[in-house]
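Residue numbers for the sequence shown follow numbering that gives the first Met the number 0, beginning at 0 and rising by one. Where is the CB? At the ideal position from N, CA and C, for every residue including glycine.
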Amino acid sequence: MDIKAYIALSLTLFTIGIVGVLTRRNAIIVFMCVEVMLNAVNLLLVAFSNMHAASNAAKALPTFASDAQIFVFFIMIVAAAEVSVGLSIIVMLYRNTHSIDVNFLNRLKN
0 MDIKAYIALS LTLFTIGIVG VLTRRNAIIV FMCVEVMLNA VNLLLVAFSN
50 MHAASNAAKA LPTFASDAQI FVFFIMIVAA AEVSVGLSII VMLYRNTHSI
100 DVNFLNRLKN
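As structure tokens, then:
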């Protein structure tokens with residue numbers, strides 16, 4: 000598959016994530032859109048790593064294609080920790096306010 004297809008897919012996913020974060024008021028949907036944006040970046044990082052490894056293999060140079068994939072693995076670990084913390088914050092918000100509307104957070108300043 001051509002790198003342009005991966006770039007287009009990643010750009011589409013990232014754009015969907017940005018639009019979701021900016022337009023939605025539901026905290027869970029905003030949270031899912033942030034995760035879509037992280038996965039779009041991970042997809043692009045792996046695609047560029049694969050392209051770099053293929054170009055080095057054609058030149059008979061040593062390849063280190065697994066470096067970016069290990070980096071993506073650590074990003075996924077941090078994202079999993081983010082999910083657990085974020086969902087616990089959303090659950091506590093719902094318990095206290097009986098709403099998961101992001102605009103309702105302005106009332107919690109007092």
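Exposure label - residue i; buried when at least 16 CB within 10 Å
i, result
"Leu37", "buried"
"Asn41", "buried"
"Phe30", "buried"
"Val84", "exposed"
"Val71", "buried"
When the options are compared against residue i, the one with the closest alpha-carbon
i, options, result
"Ser87", "Val20, Ile6, Ala26, Asp1", "Ala26"
"Ile15", "Asp1, Lys3, Ile2, Glu34", "Glu34"
"Thr73", "Leu104, Val45, Lys3, Ile2", "Note on residue identity: the sequence assigns Phe, not Thr, to residue 73. Among Leu104, Val45, Lys3, Ile2, the Cα nearest to that of Phe73 belongs to Val45."
"Lys3", "Ala80, Gly19, Phe47", "Phe47"
"Thr11", "Ala39, Ser98, Asp1, Ala52", "Ala39"
Endpoints, alpha helix (DSSP H) assigned at residue i
i, result
"Val18", "2-22"
Supposed contact pair residue j and residue i - C-beta distance, whole angstroms, cut 8 Å
i, j, result
"Arg24", "Asn102", "6 Å"
"Tyr5", "Leu43", "7 Å"
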